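S.K.: Handing you a structure now.
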Amino acid sequence: MSTLQQSIQPGWNIVGHEHAIDLLRRTLAVQQVRHAYLFTGPDHIGKALLVHRFAQTLLCTGGPDPQVAPQAPCNACLSCRKVLHGNHPDLHVIARPSDKQFIVIEQIRSLQSDSARKTMEGRRNVFIIQGAHEMNLQAANCLLKTLEEPEPDVVLLLTAPDAGLLLPTILSRVQQISLHLLTAAQIKAALEKTWSVDTGEAALIAALAAGRMGWAVQAVEDEDLLIERRTQLETLAALPRVGNVQRFEIAQRLSADPEKTRAILELWLLWWRDMVLAAHQCLDLTVNVDMRHVLEQQAATVGMRESERMVHAILDTMEALDQNVNTRAALEVLMLDVPKINTM
Numbered sequence: 237m238s239t240l241q242q243s244i245q246p247g248w249n250i251v252g253h254e255h256a257i258d259l260l261r262r263t264l265a266v267q268q269v270r271h272a273y274l275f276t277g278p279d280h281i282g283k284a285l286l287v288h289r290f291a292q293t294l295l296c297t298g299g300p301d302p303q304v305a306p307q308a309p310c311n312a313c314l315s316c317r318k319v320l321h322g323n324h325p326d327l328h329v330i331a332r333p334s335d336k337q338f339i340v341i342e343q344i345r346s347l348q349s350d351s352a353r354k355t356m357e358g359r360r361n362v363f364i365i366q367g368a369h370e371m372n373l374q375a376a377n378c379l380l381k382t383l384e385e386p387e388p389d390v391v392l393l394l395t396a397p398d399a400g401l402l403l404p405t406i407l408s409r410v411q412q413i414s415l416h417l418l419t420a421a422q423i424k425a426a427l428e429k430t431w432s433v434d435t436g437e438a439a440l441i442a443a444l445a446a447g448r449m450g451w452a453v454q455a456v457e458d459e460d461l462l463i464e465r466r467t468q469l470e471t472l473a474a475l476p477r478v479g480n481v482q483r484f485e486i487a488q489r490l491s492a493d494p495e496k497t498r499a500i501l502e503l504w505l506l507w508w509r510d511m512v513l514a515a516h517q518c519l520d521l522t523v524n525v526d527m528r529h530v531l532e533q534q535a536a537t538v539g540m541r542e543s544e545r546m547v548h549a550i551l552d553t554m555e556a557l558d559q560n561v562n563t564r565a566a567l568e569v570l571m572l573d574v575p576k577i578n579t580m
């Protein structure tokens, strides 16, 4: 069962993000819903879940007045059930197609066409644009026209990792809501209570999640995720001791699946951040708690300066990929940046 469907109790049923939920509840209480919102924050922290909950609330008919959106979804009315099952006719989700690099202008034109039509069942047409930063320039400019002249019953909900990835002209026409990383204690408590994870495993997953509730849920629901993580980190830990030929082979293998590349780079970024902490003798602050012995040994050899340089190199690589630089070429450059440890 998906995260979006698993809770049937009335309410938002979201771990953390109280500041954002409170803002939305107050907006709903005075019936002053804006035409467009932008939810920002790191991947896997709950942006998609919060946006779907907000959309569900906007369409919910289970409040005191069925004609007015309540302050929280009832999770029981027909409208709520349709949203939870992904088949509400007035909720539209736009995302980058798996076979394309961008959200394209045709998708935004379709949004414009749909937004001009009357609602099928609800009081509003709600459009979710997942990963709005992935719109190409044509699509972004096309969306701008909709933001400038919105239909009265249309609400646009955009998500992106960072507001700086969108056009300033779009930012000036949306209400921005920033989401933040959760604490390990929040994640651990949620895993124990909602997912019935035992205390030891919950503590480990909460530490590895690095504030990302969505990642923690994936780790619980998909056992292969932790296995894959361990494999990737063992490969990364071995990189300083292998030559360029092997490094380029690894780059080639990773670039074969661009969808996974960013997730792997985020994992690497956490590793090298941990290396910086280990070099500062702050092992207790590291995320990869199950590999602290490796971090301690390698940091003693690589050192703080090289570890910090690698953090910047990975960030540069991620930025290059966002600018559509060739994935394999970018990874090969990164491989050359990895410090070398003499095995002799």
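According to this note's numbering, the sequence shown holds residues 237 to 580 in order. Where a beta carbon is used, it is the ideal one built from N, C-alpha and C, also for glycine. All of these numbers come straight from a predicted model, not from anything done at the bench.
1) Which residues does DSSP pair with S414 in a beta bridge?
2) Can you give me the Cβ contacts of D362 inside the same chain, cut-off strictly under 6 Å, excluding the 5 residues immediately before and after it?
3) L501 and T553: beta carbons closer than 8 Å?
4) Out of curiosity, what's the CA-to-CA distance linking R448 and V523?
5) Just to check my reading of the structure: I423 and L379 have Cβ atoms closer than 8 Å, yes? What is that Cβ distance to the nearest angstrom?
6) Would you tell me roughly how many angstroms separate the C-alpha atoms of A492 and I341, rounded to the nearest one?
7) In whole angstroms, give me the CA-to-CA distance for N323 and H288.
8) Taking DSSP as the reference, what is the three-state secondary structure of T522?
9) Under 8 Å: do the stretch 448-465 and the stretch 271-286 share three or more Cβ pairs, one atom per stretch?
10) Give the straight-line distance between the Cα atoms of D526 and L519, rounded to the nearest whole angstrom.
11) Between G252, Q303, I244 and T537, which has its C-alpha nearest T419's C-alpha?
12) Rounded to the nearest angstrom, what separates S349 and I250 at their Cα positions?
13) Where DSSP assigns a beta bridge to N361, which residues make up the other side?
14) Going by DSSP in three states, P396 sits in which element: helix, strand or coil?
15) Nearest by alpha-carbon distance to T471: which of V569, N560, M356 and R489 is it?
16) Does the stretch 424-439 come close enough to the stretch 254-265 to have 3 or more Cβ pairs within less than 8 Å?
17) Starting from H328, trace the beta strand (DSSP E) in both directions and tell me its first and last residue.
18) To the nearest angstrom, how far is it from the Cα of A474 to the Cα of T497?
19) Return helix, strand or coil for M511, following the three-state DSSP convention.
20) Take the Cβ of M311 as the centre, count every other Cβ of all protein chains shown within 10 Å, and call the residue buried at 16 or more, exposed below.
M.R.: In brief:
1) Paired residue(s): T276.
2) Before going further, note that residue 362 is Val rather than Asp in the sequence given. Excluding residues within five positions, the ones whose Cβ falls inside 6 Å are A291, L294, L327 and V391.
3) yes
4) 12 Å
5) Actually they are not in contact, since the Cβ atoms of I423 and L379 sit about 34 Å apart, beyond 8 Å.
6) 27 Å
7) 13 Å
8) T522 sits in coil when the DSSP states are folded into three classes, being neither helix nor strand.
9) yes
10) Cα-Cα distance, rounded: 11 Å.
11) Checked all of G252, Q303, I244 and T537; the closest Cα to T419 is G252.
12) 33 Å
13) V390
14) Note that residue 396 corresponds to Ala in the displayed sequence, not to Pro. In the structure shown, A396 sits in a strand (DSSP, three-state: E or B).
15) Checking every option, the nearest Cα to that of T471 belongs to R489.
16) no
17) L327 to I330
18) 18 Å
19) Helix, per DSSP.
20) Looking at the sequence shown, residue 311 is not Met but Asn. It is buried - the Cβ of N311 has at least 16 other Cβ atoms within 10 Å.
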